[in-house]
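Peer 1:
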Amino acid sequence: MVFFQYLTGQCAGYMLLPGVAYANKNSSWKYLYVWISVPAISYSFIAYLFVTKSPRWLLMQDRVKEAMEMLKGVNENAANLNPPAEEKRVSFCQLYSSIAVLLRTSWAPKRMVGVMGLGLGIGMVYFGMPLAVGSLNYNIYLAVVLNALMEIPSCVVTYFLGNCGRKLSILVFSVGSGICCIVCVVIGSEGVKVGFAVASFFCACTAFNVFLIFMVELFPTCVRNTAASVARQAVVFGCMFSPFLISARRKNKVFSYGVFGVVIISSTLTLLGLPETRGMPLSDTMDQQQNKENNFPL
Numbered sequence: 004m005v006f007f008q009y010l011t012g013q014c015a016g017y018m019l020l021p022g023v024a025y026a027n028k029n030s031s032w033k034y035l036y037v038w039i040s041v042p043a044i045s046y047s048f049i050a051y052l053f054v055t056k057s058p059r060w061l062l063m064q065d066r067v068k069e070a071m072e073m074l075k076g077v078n079e080n081a082a083n084l085n086p087p088a089e090e091k092r093v094s095f096c097q098l099y100s101s102i103a104v105l106l107r108t109s110w111a112p113k114r115m116v117g118v119m120g121l122g123l124g125i126g127m128v129y130f131g132m133p134l135a136v137g138s139l140n141y142n143i144y145l146a147v148v149l150n151a152l153m154e155i156p157s158c159v160v161t162y163f164l165g166n167c168g169r170k171l172s173i174l175v176f177s178v179g180s181g182i183c184c185i186v187c188v189v190i191g192s193e194g195v196k197v198g199f200a201v202a203s204f205f206c207a208c209t210a211f212n213v214f215l216i217f218m219v220e221l222f223p224t225c226v227r228n229t230a231a232s233v234a235r236q237a238v239v240f241g242c243m244f245s246p247f248l249i250s251a252r253r254k255n256k257v258f259s260y261g262v263f264g265v266v267i268i269s270s271t272l273t274l275l276g277l278p279e280t281r282g283m284p285l286s287d288t289m290d291q292q293q294n295k296e297n298n299f300p301l
């Protein structure tokens, strides 16, 4: 539920952005930055005042007393639990010990590399397609709105993909997104090109949504946050190349859309080294995950 609330809020903000940009089209781009910063600053203050830390995170940081006080406020049954007399101080190395835990096993680094390669390809298209609409001979405000609207059916499709294999879902939508990108290079009609660009973004959105679920299911709880953060950085790293490719399209139309298509299709090759996670119970420790790997090999 939280996942879909996040995506719905992101979609709403994405759809409002072209309206704010259109209202400031005759002003400096600095005013656009000011207006879109107001909601973010307001949300930051609200989150700081009303959002609490996770009890699980507090326990992982050995801040047991704070975690117990929070649990007592939520559940009266927790009032009988007594925290230790003293809390341990967590060192800087302990805060990042999960990285060492990941590197200590044989399967985790390989899996991490595979997830990063997959995230790089999906991230390049997911974040690059909205930037590339400016290179089309089409109303840029309407094109951005059409892209934003694709987030809604993408969320619906992701929900119904819950009973489908994660690898198959990512493969189908990533390849579909790549094919639509390549078609954008081949065809000459701008109207048809916009349609395929929107379809490509829809497929990339769906692949990205499933990728987020897949990424969570691949790693046990003790290292899940670290693995998700590293994978997210790979997604952003893929996004970093998008502006350069879009700029290079001015000299050669194969760039941006053509490269997007090739990269996202090529990134699906990493699925060969990743296990299917649909219907598999989530593990809490590395030992549990290792036992699962032994019982259900790739």
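Mapping of the sequence shown onto this note's numbering: residues 4 to 301, in sequence order. Glycine included, every Cβ here is placed at the ideal spot set by N, Cα and C.
Can you list, in chain order, the residues of its chain with a C-beta nearer than 8 Å to that of residue 293? Leave out the 5 residues immediately preceding and following it.
Peer 2: To locate residue 293, count along the sequence shown from 1; it is residue 290. Result list for residue 293: 108, 110, in chain order.
Peer 1: Starting from residue 140, trace the alpha helix (DSSP H) both ways and give me its first and last residue.
Peer 2: Position 137 of the sequence shown, counting from 1, holds the residue named residue 140. Counting along the chain, residue 140 falls outside any alpha helix (DSSP H), and DSSP gives it neither H nor E.
Peer 1: Which of the three DSSP states is assigned to residue 236 in this structure?
Peer 2: The count along the sequence shown starts at 1 and reaches residue 236 at position 233. Note: residue 236 maps to helix in three-state DSSP.
Peer 1: Can you list, in chain order, the residues of its chain with a C-beta nearer than 8 Å to that of residue 206? Leave out the 5 residues immediately preceding and following it.
Peer 2: The count along the sequence shown starts at 1 and reaches residue 206 at position 203. Correct list, in chain order: 176, 177, 179, 180, 183.
Peer 1: Helix, strand or coil for residue 291, going by three-state DSSP, please let me know.
Peer 2: If you number the sequence shown from 1, residue 291 lands on position 288. Helix, per DSSP.
Peer 1: Out of 201, 142, 209, 192, point me to the one whose CA is closest to residue 174's CA.
Peer 2: Numbered from 1 along the sequence shown, position 171 holds the residue referred to as residue 174. Residue 209 is the option with its Cα nearest to residue 174.
Peer 1: Which of helix, strand or coil does DSSP assign to residue 33?
Peer 2: For the purposes of this step, residue 33 is taken as residue 30 along the sequence shown, with counting starting at 1. The answer is helix: DSSP assigns residue 33 an H, G or I state.
Peer 1: Is the stretch 154-166 close to the stretch 219-235, with three or more CB pairs under 8 Å?
Peer 2: Not touching, per the Cβ criterion.
Peer 1: Would residue 139 and residue 195 be called neighbours here (beta carbons separated by less than 8 Å)?
Peer 2: Walking along the sequence shown from the start, residue 139 turns up at place 136. Walking along the sequence shown from the start, residue 195 turns up at place 192. Against a cut-off of 8 Å, the Cβ pair of residue 195 and residue 139 comes out as no contact.
Peer 1: Quick check on the burial criterion: 16 or more other C-beta atoms within 10 angstroms. Buried or exposed for residue 29?
Peer 2: Here residue 29 is taken as the residue at index 26 of the sequence shown, counted from 1. Flag for residue 29 reads exposed.
Peer 1: Excluding five sequence neighbours on each side, which residues of the same chain lie with their C-beta closer than 7 Å to the C-beta of residue 143?
Peer 2: Within the sequence shown, numbered from 1, the residue matching residue 143 stands at position 140. Hits under 7 Å: 136, 137.
Peer 1: Consult DSSP for residue 190 and reduce its assignment to one of helix, strand or coil.
Peer 2: On the sequence shown, position 187 is the one that residue 190 refers to. Residue state, collapsed to three classes: coil.
Peer 1: With 16 as the cutoff for other CB atoms within 10 Å, does residue 190 come out buried or exposed?
Peer 2: Position 187 of the sequence shown, counted from the first residue, corresponds to residue 190. Burial call: exposed.
Peer 1: Kindly indicate which residue of 245, 252, 225 has the alpha-carbon position closest to the one of residue 286.
Peer 2: Sequence index remark: in the sequence shown, residue 286 carries index 283 (1-based). Out of 245, 252, 225, 225 has the C-alpha closest to the C-alpha of residue 286.
Peer 1: With burial defined as no fewer than 16 other Cβ atoms inside 10 Å of the residue's Cβ, what is the status of residue 261: buried or exposed?
Peer 2: Mapped onto the sequence shown, residue 261 falls at position 258. Buried.
Peer 1: DSSP three-state label for residue 283, please.
Peer 2: Mapped onto the sequence shown, residue 283 falls at position 280. Coil.
Peer 1: Using only alpha-carbon positions, find the residue among 259, 251, 219, 134 that is nearest to residue 278.
Peer 2: Locating residue 278 in the sequence shown gives position 275, counting from the first residue. Out of 259, 251, 219, 134, 219 has the C-alpha closest to the C-alpha of residue 278.
Peer 1: Cβ of residue 23 within 8 Å of Cβ of residue 39?
Peer 2: Position 20 of the sequence shown, counted from the first residue, corresponds to residue 23. Position 36 of the sequence shown, counted from the first residue, corresponds to residue 39. Result yes, Cβ atoms of residue 23 and residue 39 sit closer than 8 Å.
Peer 1: Exposed or buried, what is residue 94 when buried is set at 16 or more other beta-carbons lying within 10 Å of its beta-carbon?
Peer 2: Counted from its first residue, the sequence shown places residue 94 at position 91. Residue confidence for residue 94 is low, a pLDDT of 47 falling below 50, so the modelled location carries little weight; the figure read from the coordinates is stated next. So residue 94 ends up on the exposed side.
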